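Going down the list, the sequences are from chains A and B.
Position one of the first sequence corresponds to residue 1 (my numbering), numbered consecutively onward.
Position one of the second sequence corresponds to residue 1 (my numbering), numbered consecutively onward.
Protein chains: 2
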Amino acid sequence: MKNTLLLDVFNHKPVSRVPVWLMRQAGRILTQYKQTRSKATNFVEFVKSPNLAAEVTVQPVDILNIDAAIIFSDILVIAEAMGLPYQIIEEKGPIFQNKIRSEHDLNKLHIAQTEDYSYLLEAIKITKNNLNNRVPLIGFAAAPWTIMAYIVEGSGSKTFSQAKKILYQNSNLAYQILQKITDSTINYLNDQITAGVDVIQIFDSWAGVLNYDLYKNFSYPYIQQILKALNNKVPTIVFAKDAHFFVKDFNMFTSNAVGLDWTLTDKNIFNQVTNKIFQGNADPCLLYASEKTIKLEVNKMLQFFGYKNYIANLGHGLYPDLDVEKVKFFINEVKENSITYFKSNN
Amino acid sequence: MKNTLLLDVFNHKPVSRVPVWLMRQAGRILTQYKQTRSKATNFVEFVKSPNLAAEVTVQPVDILNIDAAIIFSDILVIAEAMGLPYQIIEEKGPIFQNKIRSEHDLNKLHIAQTEDYSYLLEAIKITKNNLNNRVPLIGFAAAPWTIMAYIVEGSGSKTFSQAKKILYQNSNLAYQILQKITDSTINYLNDQITAGVDVIQIFDSWAGVLNYDLYKNFSYPYIQQILKALNNKVPTIVFAKDAHFFVKDFNMFTSNAVGLDWTLTDKNIFNQVTNKIFQGNADPCLLYASEKTIKLEVNKMLQFFGYKNYIANLGHGLYPDLDVEKVKFFINEVKENSITYFKSNN
């Protein structure tokens with residue numbers, strides 16, 4: 001591997017600067033992405049085309065000069081692999097034709113196996129070949145709760161009240177749904193590792209609609225099951241967005257790192273989370289600001305996290321209307337600022 | 001006033017039980033509401049019909065036997081009063097035809113005056129008459145940031161990234177927008193008090209897309225301006241939803257009470273917020289659960305808040321598909337549990 005910065009942080013080796021990658025770095029901010037995207041008829045077909053997915057995965061490495069690639073995919077393909085197809089509707093988000101609201105519904109789903117998502121494994125192999133060991137490749141899946149939220153609701157939601165209804169009304173059904181997703185996700189991520197990914201990130205995008213008790217009961221144990229099943233084969237990151245209520249228990253995850261959203265800026269986090277590498281956590285909207293403001297805020301962020309045991313990133317994915325030049329400026333600021341730090345502190 | 005429980009809590013007088021009201025208690029969970037609603041052609045017209053608004057305001061007092069009424073209205077009418085009309089589209093939410101994204105856009109708006117929202121003052125007077133001093137009446141407005149979020153974005157949003165863009169790109173424009181909304185809201189709430197409301201609640205529904213620095217800069221000061229302008233004429237409640245990052249500074253609000261969303265269940269809150277009455281904070285989805293679970297969770301909530309200096313409520317508004325019998329059960333549990341507590345602890 002030529003650029004080992006990310007892996008060095010996971011291995012607690014000394015680094016010359018802070019590694020940086022960005023959630024949704026492959027995507028609509030790049031004109032090259034739009035060109036590739038136009039070759040597929042719809043978003044789900046796009047994600048399921050190994051050559052196209054590999055192409056957009058490598059684009060940000062070439063264009064943004066980033067320290068890791070993340071395989072281009074969608075968190076919901078695991079639901080499709082279990083037997084629940086969906087569409088992504090422009091400006092509306094995902095729509096599932098069938099929803100999972102009973103044991104009968106659940107029984108129609110199967111535990112996803114290699115053949116159900118072989119396109120992704122193929123995309124990983126092509127990407128690894130095209131990256132040619134320039135930077136590590138990150139694989140990912142959503143946390144089981146987040147997948148449950150979508151397949152019960154049948155779409156996005158501000159409250160995910162229908163999914164939460166099952167947690168309150170029929171916890172046994174919830175446990176069954178979550179276990180089937182967990183078993184599928186373990187296969188899915190282990191196969192991604194076999195296909196060549198160097199790091200795994202688990203996205204719990206809808207952690208924030210729960211609270212401490214619900215999270216501890218219905219999300220944390222399933223993420224933990226997955227982490228155990230991956231057996232430290234590669235470094236792992238858990239990103240539980242808006243789970244401020246669970247920060248005090250982030251130590252309990254056996255992942256190497258935790259992702260932090262942009263609302264977590266209290267120093268107290270360092271007293272609560274003592275055994276984790278931090279990843280994050282600039283507000284994506286910061287990249288709308290002037291270069292002067294970005295420079296100031298990047299410095300504040302690096303000082304806050306202390307440069308060591310730290311991976312610079314946003315606290316959520318890039319928004320589609322961000323200017324790619326501002327994105328590059330953010331990345332370069334992380335690099336230059338941290339190079340200066342390590343030069344004068346080593 | 002026959003039922004003075006809510007006002008007694010604000011006045012730190014002894015009470016025989018915990019007062020309880022529910023956000024969105026007037027609304028789609030009640031069949032009586034749907035009947036009244038059907039008399040207006042659309043939602044905005046409905047809100048602007050004093051007799052209909054008064055009717056649905058009183059319904060939950062009669063049906064749910066609740067300790068306060070809250071005037072039926074919509075947080076966005078203040079934008080309409082400033083010259084920015086909107087519609088509520090079924091299953092989509094509010095849509096503004098024009099958006100406020102420049103000084104030029106802002107100049108077209110005026111500071112709202114009595115005549116711009118006289119229908120609400122009329123509704124308050126009818127309601128007060130119909131309530132006949134049975135329970136206090138709560139008036140409300142949104143926090144200026146929440147109104148800004150909607151009028152810049154032009155609709156609801158998961159991220160409110162267009163509104164946040166202005167905070168990062170053009171803070172002077174943001175301050176101007178927020179000040180015009182603040183000046184309008186001060187008129188609006190002072191007129192509500194003159195018309196007869198007994199308590200004011202300020203809803204900062206989209207606090208949670210900000211972070212500590214943004215909140216302190218762009219939301220807190222404007223809420224505080226409003227609170228000062230109301231000059232303690234009636235008790236006040238600030239409900240900053242998902243503002244977990246600002247809890248440590250809730251003391252700085254000069255309101256009498258703070259509303260808490262359902263994610264705030266850490267005992268640490270009592271060390272951070274020492275000078276406020278608490279209001280909240282059951283997860284609305286709890287009301288989907290069995291009576292047994294509701295009973296257990298109500299007990300947990302009352303024990304957590306300690307019964308005194310406390311107003312029972314949800315941590316967000318009621319969801320439209322909740323069963324009215326479960327809602328009644330929740331209310332009765334708060335009453336019975338707290339009566340037992342005060343009998344054995346006084």
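Yeah, the Cβ is synthetic: ideal placement off N, Cα and C, and Gly gets one too.
Predicted model, so just to flag it, every value in this text is computed and none were measured.
Going by beta carbon distance, what residues of the same chain come within less than 8 Å of ILE78 of chain B, once the five residues before and after it are set aside? These residues qualify, in order along the chain: ALA112, TYR117, ALA141, ALA142, ILE147, ILE181, SER184, THR185, TYR188.
Report the residues of the region 251-279 of chain A with a CB closer than 8 Å to any CB of chain B, ordered along the chain. Those residues of the region 251-279 of chain A placed with their C-beta closer than 8 Å to a C-beta in chain B are TRP262, THR263, LEU264, THR265, ASP266, ordered along the chain.
Along the chain, where does the alpha helix (DSSP H) containing ASP213 of chain B start, and where does it finish? Unbroken alpha helix (DSSP H) run through ASP213 of chain B: 212-218.
Check whether the Cβ of THR146 of chain B lies closer than 8 Å to any Cβ atom in chain A. For THR146 of chain B, the nearest beta carbon of chain A is not closer than 8 Å to its own beta carbon.
For a test of the three-state rule: what should DSSP assign to ASN309 of chain B, helix, strand or coil? In this structure, ASN309 of chain B counts as coil in the three-state DSSP scheme.
Of all Cβ atoms in chain B, is any one closer than 8 Å to the Cβ of LYS292 of chain A? Cβ-Cβ to chain B under 8 Å: no for LYS292 of chain A.
From B:ALA26, B:ASN129, B:GLY317, pick the residue whose C-alpha is nearest to that of ALA195 of chain B; which is it? Here the closest residue by C-alpha is B:ASN129.
Residues of chain B with CB closer than 8 Å to the CB of ASP74 of chain A, please, in chain order. For ASP74 of chain A, there are no neighbours in chain B by C-beta distance under 8 Å, as the nearest C-beta there is about 16 Å away.
Interface flag, TYR150 of chain B vs chain A, CB-CB below 8 Å: It does not: the Cβ of TYR150 of chain B has no partner Cβ on chain A nearer than 8 Å.
Out of A:PRO136, A:TRP262, A:VAL44, A:ASN98, point me to the one whose CA is closest to LEU214 of chain B's CA. Here the closest residue by C-alpha is A:TRP262.
So what's ALA289 of chain B in DSSP terms, helix, strand or just coil? Residue state for ALA289 of chain B is assigned as coil, using DSSP reduced to three classes.
Taking only beta-carbon positions, decide if ASP105 of chain A is within less than 8 Å of chain B. With 8 Å as the cut-off, ASP105 of chain A does not count as an interface residue toward chain B.
Quick test of your reading: THR64 of chain B and VAL327 of chain B, contact by CB under 8 Å. State the CB separation rounded to the nearest angstrom. It is worth fixing the name first, because residue 64 of chain B is Leu in this sequence and not Thr. About 6 Å separates the CB atoms of LEU64 of chain B and VAL327 of chain B; that is less than 8 Å, so the two are in contact.
With distances taken between CB atoms, is the gap from ASN133 of chain A to LYS13 of chain A smaller than 8 Å? No. Outside cutoff.
Grab me the residues of PHE160 of chain A's own chain with a C-beta within less than 7 Å of its C-beta, minus the 5 sequence neighbours each way, in chain order. For PHE160 of chain A, the CB contacts under 7 Å within the same chain, skipping 5 residues up- and downstream, are ALA149, GLU153, TRP206, VAL209 in chain order.
Would you check if there are 3 or more beta carbon pairs closer than 8 Å linking the region 87-102 of chain B to the region 51-58 of chain B? No contact exists between the region 87-102 of chain B and the region 51-58 of chain B.
Looking at the unbroken alpha helix (DSSP H) that takes in GLN169 of chain B, where does it start and where does it end? It spans 161-169 - the alpha helix (DSSP H) in which GLN169 of chain B sits, taken as one unbroken run.
By the three-class DSSP mapping on this structure, what secondary structure does GLN351 of chain B have? Any property of residue 351 of chain B remains undetermined from this structure, which presents chain B solely from 1 to 346.
Compare the C-beta of ALA289 of chain A with all C-beta atoms of chain B and state if any pair is closer than 8 Å. Closer than 8 Å: yes.
So if DSSP puts LEU314 of chain B in a beta bridge, which residue, or which two residues, is it bridged to? In the DSSP assignment, the residues bridged to LEU314 of chain B are B:ALA282.
Select from the region 162-175 of chain B all residues with a C-beta closer than 7 Å to any C-beta belonging to chain A, and list them in chain order. Listed by position along the chain: LYS164, LYS165, TYR168, GLN169.
Looking at C-beta atoms only, is the number of pairs between the region 248-268 of chain A and the region 300-320 of chain A that lie closer than 8 Å three or more? Short answer: they touch.
Along the beta strand (DSSP E) that carries MET86 of chain A, what are the first and last residues, could you check? Before going on, a small fix: residue 86 of chain A reads as Tyr here, not Met. 86-89 is the extent of the beta strand (DSSP E) around TYR86 of chain A.
According to DSSP, is ALA257 of chain A helix, strand or coil? DSSP places ALA257 of chain A in strand when its eight states are reduced to three.
Can you list the alpha helix (DSSP H) stretches of 4 or more residues lying completely in the region 117-158 of chain B, in chain order? Complete alpha helix (DSSP H) runs here, min 4: 118-131, 144-153.
For THR265 of chain A, count neighbouring Cβ atoms within 10 angstroms of its own Cβ and tell me buried if that reaches 16, exposed if not. By the 10 Å Cβ count, THR265 of chain A comes out buried.
List the residues of chain B whose Cβ lies closer than 8 Å to the Cβ of PHE245 of chain A, in chain order. Simply HIS244, THR263, LEU264, THR265, ASP266.
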